[in-house]
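K.L.:
1 is the number of the first residue of the sequence shown in this note's numbering; add one for each residue after it.
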Amino acid sequence: MTLKEKREKRKAERITEKEKKAEEKRLERENRGTLKEQYANLWFAYKFLYKANKKLLFFRIPLIFLQSAKAVVPIFFVRAVLNELTIGRSIEKIILYASGMALATFGIKLFEYLFARWDMREREKMNFGVQRHLAKSVTDMSYSTIENPEMQNYVWMAQYNRFDQVLQLTTAVIGSFLTVFSISAVVFTMNPLILVVILVSATVKFLVDRKQRMLPHKYNDDRVPLSRVNEYYSGLMEEMETGKEVRINNLEDWVYDKADRSWKEDLYPLDKKFTQTTLALQGTNGLISVIQDIIVYLILAFEVIYSTMTVGDFSMYLTAAGTFSGLVTGISTNYSYLMIQTAWYLKEYRHCLDVAEKLKAEGNTHIDIPENVEIEFRDVSFKYPKTDRMILEHVNITIGKGETLSIVGVNGAGKTTFVKLLCRFYEPTSGEILVNGIPAKDIPLNEYYGLLGVVFQDFSLFSFTVRENIAMDTECDDERLRDAVRKCGLDGRMETLPHGADTYIWKMFDPDGIELSGGEGQKIAIARAVYRGAPIVIFDEPTSALDPIAEYDIYRNFHDLAENRTAIYISHRLSSTRFTDKTAVFSGGTIAEYGTHAELMEIENGIYRDMFSMQAKYYKE
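(1) Quick one: what does DSSP say R389 is sitting in, helix, strand or coil?
(2) Helix, strand or coil for P542 per DSSP?
(3) Contact between the stretch 288–300 and the stretch 186–194: three or more CB pairs below 8 Å?
(4) Would you decide whether G589 is buried or exposed? Buried here means 16 or more other CB atoms lie within 10 Å of its CB.
(5) Among the candidates L110, G107, F77, whose CA atom is the shortest distance from the CA of A98?
(6) By the 10 Å Cβ neighbour count, where 16 or more other Cβ atoms means buried, how is T170 classified, buried or exposed?
(7) Whether or not the stretch 511–529 and the stretch 488–495 are in contact is what I'm after, with contact meaning three or more pairs of Cβ atoms, one per stretch, closer than 8 Å; do they touch?
(8) Among all the DSSP beta bridges, which residues are the ones paired with R378?
(9) Can you list, in chain order, the residues of its chain with a C-beta nearer than 7 Å to that of H499? Leave out the 5 residues immediately preceding and following it.
(10) Report all residues from its chain with a CB closer than 6 Å to the CB of F539; omit the five preceding and five following residues, and keep chain order.
(11) First and last residue of the alpha helix (DSSP H) that includes T34?
(12) According to the neighbour-count rule (16 or more other Cβ atoms, all chains shown, within 10 Å of its Cβ), is S613 buried or exposed?
(13) In the DSSP assignment, what are the bridge partners of M569?
(14) Between A484 and V537, how many whole angstroms is the CB-CB distance? I'm expecting something under 8 Å.
(15) Using a threshold of 9 Å, state whether the C-beta atoms of L178 and I64 are closer than that.
(16) Answer yes or no: do V304 and A202 have a C-beta to C-beta separation smaller than 9 Å?
(17) According to DSSP, what are the bridge partners of V585?
(18) Can you round the beta-carbon distance between V585 and G409 to whole angstroms, since I take them to be within the 8 Å contact cut?
(19) By the three-class DSSP mapping on this structure, what secondary structure does H133 have?
(20) Within 10 angstroms of the Cβ of V380, are there 16 or more other Cβ atoms? Answer buried if so, exposed if not.
(21) Can you have a look at V200 and say buried or exposed, based on whether 16 or more other CB atoms are within 10 angstroms of its CB?
(22) List the residues that DSSP assigns as beta-bridge partners of G453.
(23) Please tell me whether P542 and T566 are closer than 9 Å, where the distance is taken between their beta carbons.
(24) Touch check for the stretch 391–410 and the stretch 577–584: three-plus C-beta pairs under 8 Å?
(25) Looking at the secondary structure, which residues open and close the alpha helix (DSSP H) in which P498 lies?
(26) Express the C-alpha separation of T284 and S176 in angstroms, rounding to a whole number.
(27) Below 8 Å CB to CB, which residues in the same chain sit around M190 once its five sequence neighbours on both sides are set aside?
(28) Can you pull the DSSP bridge partners for V395?
(29) Quick check: what's the CA-CA separation for D209 versus T278?
(30) Shortest alpha-carbon distance to S336 belongs to which of A172, T323, L287?
(31) What residues match up with I514 in a beta bridge as DSSP calls it?
(32) Near I514, what residues of its chain come up, given a Cβ to Cβ distance below 7 Å and the 5 sequence neighbours on each side ignored?
(33) Quick check: the stretch 103–112 against the stretch 55–71, are at least 3 beta-carbon pairs closer than 8 Å?
(34) Tell me the rounded alpha-carbon separation between N372 and A413.
(35) Just grab the DSSP bridge partners of T465 for me.
(36) Does DSSP put P269 in a helix, in a strand, or in coil?
Given below as structure tokens:
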């Protein structure tokens, strides 16, 4: 490579590095937002805190005065005591000043102790309320919204909301201003050179500290996606569902290796760089503080030696200079932290709330839950977000009021996606879904969910009592519970439970908790849908874990389970089609065949006929 080429290469590298830094600064400004946006986030926090806990805000007022008194008391009392020791030599006054300072200090400490105990309890209540509000907002989001990795990052960051810090930093900033005002009479009689040194030092420390305070956000932006991956690996051993697979397949080393590699290759270099940069900036600020203190000491020492300054005045000015320096630095640091860090993180929390509110506001057609529902898919097509392949194409089907429908088809035919659209976990890419003639998207999501009782293929049970797992509420209608349990064939098992319906599932919270078989868990999931009494019931592979006799009982009692409601049954076992009114056969994302069992068996070389015959063959041989 020629010298000219080397120069050109170095120049290109410098330009690339310069462009990279410029892009980082642009993203930083974009993430930080304008000053107006930061103040809007703070105003949002204050309003939220006022609603969450008014007392917590108002009791900050005496704390502000307390902080000011705590800083001011030593300045004047120590001066008075030292002057009496060196000049006045009045033992009575020395005792008086010392006693006054001791009483004032004791009173301040006592108030601090009592306030801290109360404040801790109230802040815990507030933090619980804040987290609960976030959780409620997340549940108000649509499934497709919360499934988005970008939104998951927002939710992750929102969990580290800074409402607590908003409260404490605001108190600190206002308290510092009040203290500066309180000692201003002393500060402005100082040697002007001391003020200049303090202000210059505070300005430099503010700039260094501002850079340090901006580091965590960029660090967290990079770290959050990596942390989610690493915590997933680490949690595989702890979670009940995955823990069994890990242990039985001896995957411990493999999982730990993945977690270890994720840490070493992704997280550790990031953490190391962040720590080194933070320590360097902290060291710079520490050095500036040492230089400032040396200069202030020298100036005051010269004034004691070459002027009439007393030892008491020396102590007062030295303490006041240190206090003033700390206050100026504290104001700039805390304000910077309040605006850059706190307002920054609150943006994530607000974003989650705004998304949830926007989704809640989308539906404006309020409905009373009817006894019977007609469902219509009108020319519905769908592809998953950020993909090009259509999963469903031009699906047209009407399920009449009280009608039962079986949905069958090979894996990947679109059956599960059909259910997801019906549950409004996603909205159609084109076409529309109507419920009793009303577009489903016009119905508020929470009201729409009230229309559905669903047994998911990957159903979930909770570490609650059996009663709570079925009723899914703290209030339970015992008659409805017994009816749901009987219809699902769980009544015999319930009689053997140590505490009946109030027995806990699993032993996480109660040593008398029970372990359920897959079939028993599936029956509880079915009982949950029956108890709910919604006008639409959806059974997605509801008998996959049941033994043949239990499955036969479910089939035999299907109409009793459905109770004349609109019912949809998805299964690979085509025997389910014998007890439903109609069957829709999915193939390649469309409804290829539709009709009763008898009608579909009449279709020569039909998909349904071939599938049914293949399954029946194994029972005949």
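Idealized CB from N, CA, C, for every residue including glycine.
P.N.:
So, to answer that:
(1) It is coil, neither helix nor strand.
(2) Three-state DSSP puts P542 in coil, outside helix and strand.
(3) With contact defined as three or more Cβ pairs closer than 8 Å, the stretch 288–300 and the stretch 186–194 are in contact.
(4) Burial is judged here by how many other beta carbons sit within 10 angstroms of a residue's own beta carbon; G589 has at least 16 and is buried.
(5) Cα-wise, what sits closest to A98 is F77.
(6) Around the beta carbon of T170, 16 or more other beta carbons lie within 10 angstroms, which makes this residue buried.
(7) Under the 8 Å Cβ criterion, the stretch 488–495 counts as touching the stretch 511–529, having at least three qualifying pairs.
(8) In DSSP, R378 forms a bridge with E432.
(9) These residues qualify, in order along the chain: D512.
(10) Closer than 6 Å at the Cβ level, and outside the excluded window around F539, lie V455, Y569.
(11) If you look at T34, you'll find it isn't in any alpha helix (DSSP H); DSSP assigns it neither H nor E.
(12) Per the 10 Å Cβ criterion, exposed.
(13) According to the sequence shown, residue 569 is Tyr rather than Met. Looking at the DSSP assignment, Y569 forms a beta bridge with S406, F539.
(14) The beta-carbon distance between A484 and V537, rounded to whole angstroms, is 12 Å. This is too long to meet the 8 Å contact definition.
(15) Taking 9 Å as the cut-off, the beta carbon of L178 is found closer than this to the beta carbon of I64.
(16) No, the Cβ-Cβ distance between V304 and A202 is not below 9 Å.
(17) Checking the DSSP bridge columns, you'll see V585 partnered with V408, E593.
(18) About 6 Å separates the CB atoms of V585 and G409; that is less than 8 Å, so the two are in contact.
(19) In the structure shown, H133 sits in a helix (DSSP, three-state: H, G or I).
(20) Buried, since its Cβ has 16 or more Cβ neighbours within 10 Å.
(21) Taking all protein chains in view, the Cβ of V200 is surrounded by fewer than 16 other Cβ atoms within 10 Å, so the residue is classified as exposed.
(22) BP columns for G453 point to V537.
(23) Contact: no.
(24) The stretch 391–410, when compared against the stretch 577–584, does touch it at the 8 Å Cβ threshold.
(25) Here P498 belongs to no alpha helix (DSSP H), and DSSP marks it neither H nor E.
(26) Annotation: S176 to T284 spans about 23 Å, alpha carbon to alpha carbon.
(27) So the list reads Y317, A320, A321, once near-sequence residues are dropped.
(28) V380.
(29) Looking at the backbone, the Cα of D209 and that of T278 are separated by about 10 Å.
(30) Closest in alpha carbon position to S336, among A172, T323, L287, is A172.
(31) DSSP, once it has assigned bridges, lists I505 as partnering I514.
(32) L497, T503, I505, listed in sequence order.
(33) Segment contact: the stretch 55–71 against the stretch 103–112, three or more CB-CB distances shorter than 8 Å; contact assigned.
(34) Each residue's Cα considered, the two are about 28 Å apart.
(35) Looking at the DSSP assignment, T465 forms a beta bridge with Y504.
(36) It is helical.
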